[in-house]
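As you go down the protein sequences, you meet chains A and B in turn.
Heads up: the first sequence begins at 1 in this note's numbering, then just goes up one per residue.
Heads up: the second sequence begins at 1001 in this note's numbering, then just goes up one per residue.
Where is the CB? At the ideal position from N, CA and C, for every residue including glycine.
Number of protein chains: 2
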Amino acid sequence: MIMDPNADDRLDRAFMALADPVRRRIIARLSRGPATVNELAEPFAITKQAVSKHIQVLEHAGLVTRTREAQRRPVHLDAAGLEALTAWIDRYRLIHEQRFRNLDALLATDRGPHVAASDAGTTAGPAQEATEP
Amino acid sequence: MIMDPNADDRLDRAFMALADPVRRRIIARLSRGPATVNELAEPFAITKQAVSKHIQVLEHAGLVTRTREAQRRPVHLDAAGLEALTAWIDRYRLIHEQRFRNLDALLATDRGPHVAASDAGTTAGPAQEATEP
DNA sequence: AAGTTGATCAAGCATCAGGTTGAATAAAGG
DNA sequence: CCTTTATTCAACCTGATGCTTGATCAACTT
Chain A
1 MIMDPNADDR
11 LDRAFMALAD
21 PVRRRIIARL
31 SRGPATVNEL
41 AEPFAITKQA
51 VSKHIQVLEH
61 AGLVTRTREA
71 QRRPVHLDAA
81 GLEALTAWID
91 RYRLIHEQRF
101 RNLDALLATD
111 RGPHVAASDA
121 GTTAGPAQEA
131 TEP
Chain B
1001 MIMDPNADDR
1011 LDRAFMALAD
1021 PVRRRIIARL
1031 SRGPATVNEL
1041 AEPFAITKQA
1051 VSKHIQVLEH
1061 AGLVTRTREA
1071 QRRPVHLDAA
1081 GLEALTAWID
1091 RYRLIHEQRF
1101 RNLDALLATD
1111 RGPHVAASDA
1121 GTTAGPAQEA
1131 TEP
């Protein structure tokens, strides 16, 4: 698959899209099946134009897709877009946990660790990085 | 400082915090161990004040914590904060996939599905929701 | 053709997020 | 004490967001 030149922008838009409670509720609704703009706008106290904009944000973030059906444009959830986010988060969660396992192993074998915890932290990694591996 | 009783606000801040490439790179760095503001600011072409603000955003979002150590304030990753985000995303990803499994089962037993796919979608859920279950 | 429904475009406005510079605080080290 | 180091606070600018109202487009319905 093609990795678009700046995957950063994709993540920017996706995380930003979920940083709004209205858009999160739209995602929650779409997880139960596609819906039109009117249907999606119904629970909210804002105009349909505003909801339409929210959907455009979600679409541009790669979290939803749209089809044509007469004059309606049903919105569908795109699970792959969500998965990209959990993939990013989980990567660093796992690196973080791995670091703790390494530290635990070190403390188990080496007796007499009189260094502070934070000091041990700064020297735990072999510094293998560039720009978001 | 009072802890807001609104879980929405916490998700707002957490997703918003990750919607910035600088803050994501800070998270990536912290996954390898704690670091000070100066260390975190070094790879960036912005001022330390700006990085300090970014760290405050991450802290307010519950993604990092800070300790005191002489005049330095090492920043530590808070894995629990990240986990809350994957938990939110995965919930709706799973609901979405479950819906597909239900739809597949329906199409396997019921012969004669002449309705459009999107129409089937709008009637798939029994509408059991309030505000983000 | 005329009207209705569904959704978007466009312009305007209030608020906020990210960045800067400059001054202020806090803890070490002379 | 004064100086250096590490970090934050305060004021300010700029551009983006979220929302509104009013007009426009596209596809049915009659």
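R1068 (chain B) classed as buried or exposed, judged by whether at least 16 other C-beta atoms fall within 10 angstroms:
exposed
Endpoints, alpha helix (DSSP H) assigned at T1047 (chain B)
Element bounds for T1047 (chain B): n/a, residue is neither H nor E.
What's the call for F15 (chain A), buried or exposed, on a 16-neighbour Cβ count within 10 Å?
buried
Alpha carbon of F44 (chain A) to alpha carbon of F1044 (chain B), nearest angstrom:
41 angstroms
Rounded to whole angstroms, what is the Cα-Cα separation between R1072 (chain B) and T1036 (chain B)?
7 angstroms
Whole angstroms are fine: how far does the CA of D1104 (chain B) sit from the CA of V1022 (chain B)?
43 angstroms
Using a Cβ-Cβ cut-off of 8 angstroms (strictly less than) and excluding sequence neighbours within five positions of I46 (chain A), which residues of its own chain qualify?
V22
Helix, strand or coil, according to DSSP, for R216 (chain A) in the structure here?
Past the edges of chain A, shown from 1 to 133, lies residue 216 (chain A), and the structure says nothing about it.
May I have the straight-line CA-CA distance separating K48 (chain A) from H60 (chain A), to the nearest angstrom?
18 angstroms
Measure the C-alpha to C-alpha separation of G1112 (chain B) and I26 (chain A) and round it to an integer number of angstroms.
Low local confidence applies: a pLDDT of 49 at G1112 (chain B) is under 50, so the model's placement there is unreliable, and no value is given.
Note down, in chain order, every chain A residue with its Cβ under 7 angstroms from the Cβ of H1096 (chain B).
S31, L77, A79
What span of residues does the beta strand (DSSP E) with R66 (chain A) cover, start to end?
64 to 66
Per DSSP, which one or two residues make a beta bridge with R1072 (chain B)?
B:E1069
C-beta neighbour in chain B for F44 (chain A), strict 8 angstroms
no
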